[in-house]
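S.K.: Please read through the structure below; I'll follow up with questions.
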Amino acid sequence: AWTQDVVTFNRAELDAEDLDGFLFGTDRTALRSPVEPLRDLQDDLCFYCGRRMASDVHIDHVMAWSVIPIDGVANLVAADSRCNLDKSASIPVRAHVDRALERPHLTEIARTTRLPLLYRRTSSAADGLFASLPVGSILWRGVRDYEPHTA
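Sequential numbering from -15 applies to the sequence shown in my numbering.
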């Protein structure tokens, strides 16, 4: 109840969709509900490689859960198993993150899946992560394709 009061009184200033998760920690969410909406948004193509997806669609955290634990729709994409398993916990190139944040209809997907959007949190976390990465850190671009971070 207390977190709902904080959300109500600070809605304009806070990324309050998941305030209790921010204050008290968060558990990784089972991500079945966004499979079809994200698959539809991406025209049944893998977010990373653009190939048609098979029946085993994976939901991937663009900013890896192990690095930035954000289960918001803004941080989720549909990927084929090849890309998702190769990327694993790697930090992606900034272009992947920017593309994920620029997708249309994320608010609608959040509403229909009942998952938080967490757009500002994802964007801010990405800004902070990329600003703090040492030059030369290895970033994931695609399957067995990496590039050094240049700042």
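By construction, the Cβ of each residue, glycine as well, lies at the ideal position given by its N, Cα and C atoms.
#1: Report the rounded CA-to-CA distance for GLY120 versus ARG36, giving the unit in angstroms.
#2: Can you find the residues in the same chain that come closer than 8 Å, C-beta to C-beta, to THR97, ignoring five residues on each side of it along the sequence?
#3: Residues bridged to TYR130 by DSSP?
#4: Identify which residue in LEU123, ALA94 and ALA135 has its Cα closest to the Cα of ASP55.
#5: The beta strand (DSSP E) with TYR44 in it runs from where to where?
#6: Below 6 Å CB to CB, which residues in the same chain sit around SER116 once its five sequence neighbours on both sides are set aside?
#7: What does the alpha-carbon distance come out to for the pair ASP11 and ASP44?
#8: May I ask you to list the residues that DSSP assigns as paired with ALA62?
#9: Cα separation between LEU90 and PRO118?
#10: Taking Cβ positions, are VAL127 and CYS67 nearer each other than 8 Å?
#11: For LEU102, does the three-state DSSP call read helix, strand or coil?
#12: Could you tell me whether the Cβ atoms of HIS80 and VAL51 are closer together than 8 Å?
#13: Please determine, among THR106, ALA109 and ALA62, the residue with the shortest C-alpha to C-alpha distance to ALA38.
M.R.: So, from the data block:
#1: Each residue's Cα considered, the two are about 32 Å apart.
#2: SER17, PRO18, PRO21 and VAL57
#3: Assignment of beta-bridge partners to TYR130 by DSSP yields TRP124.
#4: ALA94
#5: The amino acid occupying residue 44 in the given sequence is Asp; Tyr does not appear at that position. Counting along the chain, the beta strand (DSSP E) containing ASP44 begins and ends at 42 to 45.
#6: none
#7: Unreliable placement is indicated for ASP11, whose pLDDT of 49 sits below 50; the coordinate value is still reported in the next sentence. Taking the straight line joining both Cα atoms gives about 16 Å.
#8: ILE43
#9: Whole-angstrom Cα-Cα distance: 31 Å.
#10: Contact check for VAL127 against CYS67 passes: the beta carbons are separated by less than 8 Å.
#11: coil
#12: no
#13: ALA62
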